[in-house]
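Only one structure is covered here, and it is reproduced in the block below.
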Amino acid sequence: MELMPRYPQPFTLSEAALLDVLTISEEITRLQLSLRRLMDTQAMLKQVIQEAGSPEEADADIVQAFKENQGVIGSQEERILILKLALSDKGVGTAATHYDIESSKAIPDALVEAPSSNIDIGGSLEVDDSGGLHL
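If you want it as structure tokens, here you go:
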């Protein structure tokens, strides 16, 4: 089973399936925590943009940060999906709510155009002491 991601990812579904269950589970947790922080930041940025009256009147750096964060959120949500599929391939049920994430759709916005990409960057996976996965 292969998945064609919308965003560039540091690994493919096939590569993720080679990881052990604990590593996959820890990476999902790390990404979920990162997403929560990003979504909190997005809510603050959105408020600043709304208080300015419109995106055109808001600070350009704030608007740019908001747009960039939307891309990162989409990428991380997709990465979690890939990791959950890898767990499913290993016979681990992912229907439990502790694997669920709050969707970025909680912050709908016409400002954002999420980039789509079918880039397969390939590579191999390494896990470092910080808990992240790297090529």
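Residue numbers (numbering that gives the first Met the number 0): 0 to 134.
Yeah, the Cβ is synthetic: ideal placement off N, Cα and C, and Gly gets one too.
Predicted, not measured: the structure shown is a model, and the values here were computed from it.
### Message
Determine whether the beta carbon atoms of residue 48 and residue 83 lie at a separation below 8 Å.
### Response
Working through the sequence shown from its first residue, we reach residue 48 at position 49. Working through the sequence shown from its first residue, we reach residue 83 at position 84. It is not a contact, given that the beta carbons lie outside the stated cut-off.
### Query
What is the DSSP secondary structure of residue 3, reduced to helix, strand or coil?
Looking up residue 3 in the sequence shown gives position 4. It is coil, neither helix nor strand.
### Task
Note down, in chain order, each residue of its chain lying with its Cβ closer than 8 Å to the Cβ of residue 74, except the 5 sequence neighbours on either side.
Looking up residue 74 in the sequence shown gives position 75. Excluding residues within five positions, the ones whose Cβ falls inside 8 Å are 6, 7, 8.
#### Entry: Secondary structure of residue 55, DSSP reduced to three states
Here residue 55 corresponds to residue number 56 of the sequence shown, with the count starting at 1. Note: residue 55 maps to coil in three-state DSSP.
### Message
In the DSSP assignment, the alpha helix (DSSP H) including residue 17 goes from what residue to what residue?
### Response
Taking the first residue of the sequence shown as 1, we reach residue 17 at position 18. Neither: residue 17 is in no alpha helix (DSSP H) and is coded neither H nor E.
### Query
Are the Cβ atoms of residue 72 and residue 32 separated by less than 8 Å?
Taking the sequence shown and counting its residues from 1, the one referred to as residue 72 is at position 73. Taking the sequence shown and counting its residues from 1, the one referred to as residue 32 is at position 33. No, they are not a contact pair.
### Reduced DSSP secondary structure (H/G/I, E/B, other) of residue 28
Taking the first residue of the sequence shown as position 1, residue 28 is located at position 29. The answer is helix: DSSP assigns residue 28 an H, G or I state.
### Message
Less than 8 Å between the C-beta atoms of residue 61 and residue 44, yes or no?
### Response
The residue given as residue 61 occupies position 62 in the sequence shown. The residue given as residue 44 occupies position 45 in the sequence shown. For residue 61 and residue 44, yes; Cβs fall inside 8 Å.
### Query
Buried or exposed: residue 78, going by 16 or more other Cβ atoms within 10 Å of its Cβ?
Here residue 78 refers to the residue found at position 79 of the sequence shown. By the neighbour-count rule (16 or more Cβ atoms within 10 Å), residue 78 is buried.
### Message
Using the three-state DSSP reduction, which class does residue 90 fall into: helix, strand or coil?
### Response
One-based indexing of the sequence shown puts residue 90 at position 91. In this structure, residue 90 counts as coil in the three-state DSSP scheme.
### Task
Quick one: using the 10 Å Cβ neighbour count with 16 as the cut-off for buried, is residue 63 buried or exposed?
Locating residue 63 in the sequence shown gives position 64, counting from the first residue. The residue is exposed, with fewer than 16 neighbouring Cβ atoms inside 10 Å.
#### Entry: Buried or exposed by the 16-neighbour rule on C-beta atoms within 10 Å, applied to residue 135
Because the chain spans 0 through 134 in this model, residue 135 falls outside it and cannot be assessed.
### Query
Once you ignore the five residues that flank residue 91 on each side, which residues in its own chain have a CB closer than 7 Å to its CB?
For this step, residue 91 is matched to residue 92 along the sequence shown. Same-chain partners within the cutoff: 20.
### Task
Buried or exposed for residue 42, please, with buried defined as at least 16 other CB atoms from any protein chain shown within 10 angstroms of its CB.
Translated into positions along the sequence shown, residue 42 becomes position 43. So residue 42 ends up on the exposed side.
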